[in-house]
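So the mapping is simple: my numbering equals the position in the sequence shown, first residue as 1, plus 1. Note that CB positions come from ideal geometry on N, CA and C, so glycine has one too. Small disclaimer: the values here were computed from a predicted structure and weren't measured. To start, the structure itself, in structure tokens.
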Amino acid sequence: MSRIMIVVGHAQHTTFCEALGRAYRDGAESAGHSVRLFVLSQMQFDPILREGYRTTQTLEPDLADAYATLAACDHLVLIFPLWCGDMPAILKGFIERILQPDLIARENTENAMNWRIFSNKSARIVMTMGMPVSIYRWYYRGHALKLLKRNILHFIGIKPARDTLYGMIGTSKPQQRERWLDEMRALGAAAQ
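Laid out in structure tokens, this is it:
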């Protein structure tokens, strides 16, 4: 069975993103997987990297717990809304804080630093948005998705990183939302 870390990167409480995270968790637990759910709006931490990368900013207890869970998990699930064409600031801050260079154990190789310390992990990115998914993927070229996959997850060794995008959230009907929740439960059961 897999060890799964779910991060709901939404700044507000009681959101559809959180419902997606809980549905994924429920599906995973029903299949016997070990799951930890982190809802960023309920965590206590400073999302601002105050000194940049000049010094290491000590992790608050919630972030230390999240970092330990990330290090131990087999599969990472990131769930968030598309805001201003990108992930919400709270999620970006969370990522910047737990991936501070001095905190992650990297290895020196002959030519460069090896940052791929989280190899042998996979990820699922679940993004909600107000626009049609096809417009986001083709017109906007999936900017936030590419940033997260290539520049963050792949850089630290997490691959494959698959994605599930839900569009037109604001006008979606309850039946559609229930289908999306069912899809999350199925993905959770399969640990994908």
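For I91, no beta strand (DSSP E) encloses it; the enclosing alpha helix (DSSP H) starts and ends at 90 to 99.
In the DSSP annotation of this structure, H155 is not part of any alpha helix (DSSP H), being labelled neither H nor E. Per DSSP, I7 is one residue of the beta strand (DSSP E) stretching across 4 to 9.
For P82, the secondary structure class from DSSP, reduced to helix, strand or coil, is strand. Per DSSP, the beta-bridge partners of L77 are M6, A124.
Apart from sequence neighbours up to five positions away, the residues of its chain that approach A192 with a beta-carbon distance below 7 Å are S3, I5, A29, H34, H76, ordered along the chain. Under the DSSP definition of a beta bridge, F39 partners with V8. Contact annotation: I126 and L148 have beta-carbon atoms that are not nearer than 8 Å. By the CB criterion at 8 Å, R180 and A24 fall outside the cutoff. Short of 7 Å from the beta carbon of F46, and not among the five residues preceding or following it, lie these beta carbons of its own chain, in chain order: E61, D63, L64, R98.
Proximity of the region 129 to 140 to the region 88 to 95 falls short of the contact definition, fewer than three beta-carbon pairs being nearer than 8 Å.
As DSSP reads the structure, L166 sits in a beta bridge with M128.
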